[in-house]
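Peer 1: Residues 18 to 233, numbered by this note's numbering, are exactly what the sequence shown covers, in order. Where a beta carbon is used, it is the ideal one built from N, C-alpha and C, also for glycine. Note that this is a predicted model, so its numbers are computed, not measured.
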Amino acid sequence: MDGLLFLSSVLLTLMNSKNEALVIPRTGSSCPNNVICPSYIVIRDKSTNGYEYRRYDESKWIGTNHIAMTLTPEDELIMRRRLDTYFVGGNAERATIDRTLPVTLRVAPNSPPDGRSVFVMLRMLPPAIHHNTPAPTADSVFIQEVPPFNAFVRRFPGRLSFSKRRQKITSLKNDIGDTSRYYQEYFLLSEFESNTAGDVNNEAWLISTEHVLQNV
């Protein structure tokens, strides 16, 4: 799609949106310096409702899952170690792969048939290997391709328990209001940790049901 046409379409969307700040789309990143992480375009900023509305391009992630009624710190640690192993040689080429941020937790609560939740921990693969991605050697780890998507995003600091992070999702839903604007079947929690200072910043993501423009 022509860049001018895309910009015009975005601006039209903005003008039709109520109670949200209108901004010229801009690129952004949530990562510390020199760390690979997903880039995005800010379509609407957080000046009115305390959250951003972003567009992410297609990407590729490494993932592992866990099914349980709830998620403990030990469960999260096990999933992190599975992903870490892939990056330090646990792949078909025994390659060491550049680490990325965020560590993202995708949660589908109260899933059928037994009401347990499905927790999927994901870490983006560097764009440099998207076209030649080494397969994981562990059966518990898989590669997932993610198409472009729009998301409602709220940032919050601190190393928090899963239950406290989930409260941020509830708050974000309350502020969005209209439940038809996002997928209700799941939500995402992303963690960005600085290797130098040990600081942790988080983001709560709700994926928009709005159509994503292709071929931008």
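Given that a residue counts as buried once 16 or more other Cβ atoms are within 10 Å of its Cβ, and exposed if not, what is Ile41?
Peer 2: Low local confidence applies: a pLDDT of 46 at Ile41 is under 50, so the model's placement there is unreliable, with the coordinate-based value given in what follows. It is exposed - the Cβ of Ile41 has fewer than 16 other Cβ atoms within 10 Å.
Peer 1: Compare the C-alpha of Ile142 against each of Val135, Phe159, Ile224 and Phe136 and name the closest.
Peer 2: Here residue 142 turns out to be Leu, not Ile, going by the sequence shown. Among Val135, Phe159, Ile224 and Phe136, the Cα nearest to that of Leu142 belongs to Phe159.
Peer 1: Can you give me the Cβ contacts of Met96 inside the same chain, cut-off strictly under 7 Å, excluding the 5 residues immediately before and after it?
Peer 2: Once the five neighbours on either side are set aside, the close Cβ partners of Met96 are Thr81, His83 and Met138.
Peer 1: Would you call the stretch 57-73 and the stretch 105-122 in contact, with 3 or more CB pairs under 8 Å?
Peer 2: As far as the Cβ criterion goes, the stretch 57-73 does not touch the stretch 105-122, which means the pair count is below three.
Peer 1: If you count every other CB in all the chains shown that lies within 10 Å of the CB of Asn219, and 16 or more means buried, which is it?
Peer 2: Label assigned to Asn219: buried.
Peer 1: In terms of residue numbering, what span does the beta strand (DSSP E) encompassing Ser76 cover?
Peer 2: Ser76 -> beta strand (DSSP E) spans Ser76 to Ala85.
Peer 1: Using alpha carbons as the reference points, say which of Phe136, Gly107 and Ile60 lies closest to Glu93.
Peer 2: The residue with the shortest Cα to Cα distance from Glu93 is Phe136.
Peer 1: Whose C-alpha, out of Ser197, Gly194, Thr154 and Gln184, is nearest the C-alpha of Leu206?
Peer 2: Leu206 has its Cα closest to that of Gln184, out of Ser197, Gly194, Thr154 and Gln184.
Peer 1: Just list the residues that DSSP pairs Tyr70 with in beta bridges.
Peer 2: Note: Tyr70 sits in a beta bridge opposite Arg61 and Phe169.
Peer 1: State the Cα-Cα distance for the pair Ala109 and Leu100, rounded to the nearest angstrom.
Peer 2: Rounded to whole angstroms, Ala109 to Leu100 spans 14 Å at the Cα level.
Peer 1: Count the other CB atoms, across all protein chains shown, that sit within 10 Å of the CB of Val124; report buried if there are 16 or more and exposed otherwise.
Peer 2: Burial call: buried.
Peer 1: Please report the straight-line C-alpha distance between Ser128 and Ser134, rounded to a whole angstrom.
Peer 2: About 5 Å.
Peer 1: Please classify Thr121: does DSSP put it in a helix, a strand, or coil?
Peer 2: In this structure, Thr121 counts as strand in the three-state DSSP scheme.
Peer 1: Cα-Cα, which of Ala145, Ala85 and Arg176 is closest to Val217?
Peer 2: The shortest C-alpha separation from Val217 is found at Arg176.
Peer 1: Whole angstroms are fine: how far does the CA of Gly106 sit from the CA of Asp195?
Peer 2: Cα to Cα, the separation comes out at about 45 Å.
Peer 1: Could you check where the alpha helix (DSSP H) with Ser180 kicks off and where it finishes?
Peer 2: Element bounds for Ser180: Phe179 to Ile193.
Peer 1: With distances taken Cα to Cα, identify the nearest neighbour of Lys77 among Ile146, Phe209 and Leu223.
Peer 2: Out of Ile146, Phe209 and Leu223, Ile146 has the C-alpha closest to the C-alpha of Lys77.
Peer 1: State the beta-bridge partners of Ile160 as determined by DSSP.
Peer 2: According to DSSP, Ile160 bridges with Ile79.
Peer 1: Please report the residue range of the alpha helix (DSSP H) in which Arg97 lies.
Peer 2: Residues Pro90 to Phe104.
Peer 1: For the beta strand (DSSP E) that contains Val137, what are its first and last residues?
Peer 2: Taken as a continuous stretch (DSSP letters only), the beta strand (DSSP E) holding Val137 covers Ser134 to Met141.
Peer 1: For Ala112, collect the residues of the same chain with a Cβ closer than 6 Å to its Cβ; drop the 5 residues on either side in sequence, then sort them by chain order.
Peer 2: Same-chain partners within the cutoff: Pro151.
Peer 1: Just to confirm the assignment, what range does the beta strand (DSSP E) spanning Ser225 have?
Peer 2: Unbroken run through Ser225: none, as it is neither H nor E.
Peer 1: Leaving aside the five residues before and after Ala85 along the sequence, list all residues of the same chain whose C-beta is less than 8 Å from its C-beta, in chain order.
Peer 2: Counting only Cβ-Cβ distances below 8 Å, and skipping sequence neighbours, we find Asp92, Arg133, Ser134 and Phe136.
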